[in-house]
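Asks: The structure's right below; bear with me while I get my questions together.
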């Protein structure tokens, strides 16, 4: 189920305005392609809002940047501040997908998107 959940979260994230997949550290992340344009040094420009990691991991998990929902999400069993590059101190939280409520995970992905995307892209969310 976790690989299927990973696929569903990835599909949801890529459906957000100007979302694009990148592999800056050899694992999948989703960024806001802003400013849009060709990749530089093989990497997409713009802020990351979702760390997908590896689909085939023993325990697939995702990381998101949360503000309003941080306390709720950190209380989830297995959730922990993201340790990569010290991102946990900036509100990045890793959430295991096994047994997670996918609707809630999607809400957190959208919150993470709203936290980093330009206002004009966030405004598009209301028009979808």
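Numbering (my numbering), first residue to last: 1122 to 1249.
Note that the Cβ used here is the ideal one computed from N, Cα and C, for glycine as well.
Look at the alpha carbon of residue 1202 and the alpha carbon of residue 1144, and state the distance between them as a whole number of angstroms.
Replies: As a working note, residue 1202 is residue 81 in the chain shown. As a working note, residue 1144 is residue 23 in the chain shown. Those two C-alpha atoms are separated by around 21 Å.
Asks: Nearest-angstrom Cα distance between residue 1152 and residue 1234?
Replies: Your numbering for residue 1152 matches position 31 in the chain shown. Your numbering for residue 1234 matches position 113 in the chain shown. Cα to Cα, the separation comes out at about 9 Å.
Asks: Just to confirm, is the Cβ distance from residue 1138 to residue 1232 under 8 Å?
Replies: Within the chain shown, residue 1138 is the residue found at index 17, counting from 1. Within the chain shown, residue 1232 is the residue found at index 111, counting from 1. No; because the gap between Cβ atoms is not below 8 Å, this pair is not in contact.
Asks: With 16 as the cutoff for other CB atoms within 10 Å, does residue 1224 come out buried or exposed?
Replies: Position 103 of the chain shown holds residue 1224. So residue 1224 ends up on the exposed side.
Asks: Taking the alpha helix (DSSP H) that residue 1133 belongs to, which residues open and close that run?
Replies: Here the question's residue 1133 lines up with position 12 in the chain shown. 1123-1135 is the span of the alpha helix (DSSP H), which, as asked, contains residue 1133.
Asks: Hey, how far is the Cα of residue 1190 from the Cα of residue 1229?
Replies: The sequence position of residue 1190 within the chain shown is 69, counting from 1. The sequence position of residue 1229 within the chain shown is 108, counting from 1. Those two C-alpha atoms are separated by around 7 Å.
Asks: Buried or exposed: where does residue 1126 fall if 16 or more other Cβ atoms within 10 Å of its Cβ makes it buried?
Replies: The count along the chain shown starts at 1 and reaches residue 1126 at position 5. The residue in question, residue 1126, is buried, as its Cβ has 16 or more Cβ neighbours within 10 Å.
Asks: Buried or exposed for residue 1175, going by 16 or more other Cβ atoms inside 10 Å?
Replies: In the chain shown, residue 1175 corresponds to position 54, counting from 1. Classification for residue 1175: exposed.
Asks: If you count every other CB in all the chains shown that lies within 10 Å of the CB of residue 1241, and 16 or more means buried, which is it?
Replies: Position 120 of the chain shown, counted from the first residue, corresponds to residue 1241. Residue 1241 comes out exposed.
Asks: Just the Cα atoms here: how many angstroms apart are residue 1198 and residue 1184?
Replies: As a first step, residue 1198 must be located in the chain shown, where it is residue number 77. As a first step, residue 1184 must be located in the chain shown, where it is residue number 63. Computed Cα separation, rounded: 14 Å.
Asks: Here's a check: name, in chain order, each residue in its chain whose Cβ is nearer than 8 Å to the Cβ of residue 1216, leaving out the five neighbours to either side.
Replies: If you number the chain shown from 1, residue 1216 lands on position 95. Counting only Cβ-Cβ distances below 8 Å, and skipping sequence neighbours, we find 1182, 1183, 1184, 1185, 1194, 1197, 1199, 1200, 1226 and 1229.
Asks: In this structure, how does DSSP classify residue 1224 when only helix, strand and coil are distinguished?
Replies: Taking the chain shown and counting its residues from 1, the one referred to as residue 1224 is at position 103. Helix, per DSSP.
Asks: Under the rule that 16 or more other beta-carbon atoms within 10 Å means buried, what is residue 1135, buried or exposed?
Replies: Residue mapping note: residue 1135 aligns to position 14 of the chain shown, counting from 1. Classification for residue 1135: exposed.
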